[in-house]
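Everything on this sheet refers to the single structure shown next.
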Amino acid sequence: MSISIISLIWLTLWINMAQLQQGGPDEKEKTTALKDLLSRIDLDELMKKDEPPLEFPDTLEGFEYAFNEKGQLRHIATGEPFIFNAREDLHRWNQKRYEALGEIITKYVYELLEKDCNLKKVSLPVDATESEPKNFIFMSEDAMTNPDKLMILIHGSGVVRAGQWARRLIINEDLDSGTQIPYIKRAMDEGYGVIVLNPNENYIEVEKTKSQVHLSSDGSDEPAEKRERKDKTFKEAKKRRDFYEKYRNPQKEKEMVPLYIRDNGSPEEHLIYVWDHFITHSAAENTFFVAHSYGGLAFVELNCCNWVSSSEPLDTSVESMLPDCPRVSAGTERHELTSWKSLPSIFKFFTEASEAKNSSLKAALTRRSHRIKHEEI
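Take the sequence shown: its letters are residues -20 to -1, 1 to 357, numbered as in mature numbering (1 follows the signal peptide of the UniProt record, and there is no 0).
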């Protein structure tokens, strides 16, 4: 079993302290001096010396992994699944390696959406200049012209991007369970137009300079209250991220600031923007939403059904203390698998709702702008 240099240093120091604390006044004075020494040790510098450079490949081939015919990520040489602990006692390095692979997976899924699902990539805002930061969504060719049915796919919060349900499932299980591709293909086979949203792509990060206090893609035209809310959201997220980043990545020395994407600076803004500029202008008589986890919060007041993680069989009614839409079991106790496991039931629910064509469904699909303005969320 390998033991890192920093572990040996700490072990030696703490053993010495324990021995000194058992002695008399002289030993206590030495203990105080040793504590003072410990307080002046730069742990970050020690970690840097004990950790390899955080430099990783930028392709799947560089990682020596590929997806097989079953959509499973496997090592090219050994055929083994992805191994997180590539280096013992280097959790931070292993975590950054995992995150680097995850960024490659994101780009890989984007390619599948365009090449395998024949979706087109549409930049947001629609009137964005060449120099400003942009978000994007993916749409089927008939998304705006299909007169019958339109399906909107919305992922949850976190590192996932358009086309994904859970990065962990993609890496550790397969593409079917971790991506939205099975939904997209089945929807298109059954005559739906499709729009894939990207609500987590809210800003880009740029390196902070000494004279730089804040960057915003909207500049002074953005209401102060709205800008303050964005800043607060970013700072809270950055605080949580930095807490882990100091542990995982002590080599990172650059301080970054956000450059928000206009009208897409939060998941809620993104949803409203796509609604106002695309969904309300589509020709579809019926619009259906599949929203995973946090992606569903903006739509809880619609005429809907919520498939939740439960030990009960699929579609079993599940009681809830919250007054939202009816809840049924997704047939799994794993939250990240709920969208995949409930796929057949969700399409059945959509078919029945479409055939019923009841007035409550049509009413639910009309957004009341005074109720869900971002300033009021």
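Every residue, glycine too, gets a C-beta built ideally from N, C-alpha and C.
So the alpha helix (DSSP H) residue i belongs to, where does it begin and stop?
i             : result
valine 89     : 71 to 95
glutamate 249 : 247 to 257
serine 157    : 155 to 158
Just to confirm before moving on: does the CB-CB distance between residue i and residue j stay below 7 Å?
i                : j                 : result
methionine 131   : tyrosine 90       : no
serine 334       : glycine 136       : no
leucine 133      : asparagine 115    : no
residue 358      : phenylalanine 330 : The requested residue 358 does not occur in the structure, where the chain is confined to residues -20 to 357.
valine 186       : leucine 239       : yes
glutamate 289    : threonine 318     : Inspection of the sequence shows that residue 289 is occupied by serine rather than by glutamate. Contact flag set, yes.
serine 309       : glutamate 292     : yes
leucine 93       : leucine 99        : yes
arginine 141     : glycine 82        : no
phenylalanine 62 : isoleucine 150    : no
glutamate 249    : aspartate 243     : yes
valine 102       : methionine 119    : yes
glycine 245      : asparagine 182    : yes
alanine 264      : lysine 50         : no
arginine 77      : phenylalanine 36  : yes
glycine 311      : leucine 323       : no
glutamate 68     : isoleucine 56     : no
isoleucine 117   : asparagine 178    : yes
leucine 40       : isoleucine 84     : yes
glycine 138      : glutamine 160     : no
In the structure shown, what three-state DSSP assignment does residue i receive?
i                : result
leucine 195      : The pLDDT assigned to leucine 195 is 48, lower than 50, so where the model puts this residue is not dependable; a value taken from the coordinates is nonetheless given after this. Three-state result, leucine 195: coil.
arginine 228     : Confidence in arginine 228 is poor, its pLDDT being 46 and thus under 50, which makes the residue's placement unreliable; the coordinate value appears in the next sentence. Helix at arginine 228.
threonine 125    : coil
phenylalanine 64 : coil
isoleucine 134   : strand
glutamate 110    : coil
glutamate 41     : helix
proline 33       : coil
isoleucine 184   : strand
alanine 46       : strand
isoleucine 150   : helix
alanine 142      : coil
proline 179      : coil
threonine 58     : coil
arginine 347     : With a pLDDT of 46 at arginine 347, under the threshold of 50, the modelled position of this residue cannot be trusted, and the question is left open.
With respect to the beta strand (DSSP E) encompassing residue i, which residues constitute its N-terminal and C-terminal limits?
i              : result
serine 103     : 100 to 104
valine 176     : 172 to 176
isoleucine 117 : 115 to 119
arginine 242   : No beta strand (DSSP E) holds arginine 242; DSSP gives it neither H nor E.
arginine 54    : 53 to 55
Kindly indicate if chain D contains any beta-carbon less than 7 Å away from that of residue i.
i           : result
tyrosine 88 : No chain D appears in this structure, which consists of one protein chain only.
From the DSSP output, read off the bridge partner residues of residue i.
i              : result
methionine 236 : Glu187
threonine 267  : Leu130
Does the Cβ of residue i lie closer than 6 Å to at least one heavy atom of the ligand ADP?
i          : result
valine 254 : Although the ligand ADP was asked about, the structure shown includes no ligands whatsoever.
Would you list, in sequence order, the uninterrupted alpha helix (DSSP H) runs of no fewer than 4 residues that lie entirely inside the stretch 271 to 337? 318 to 321 and 323 to 336
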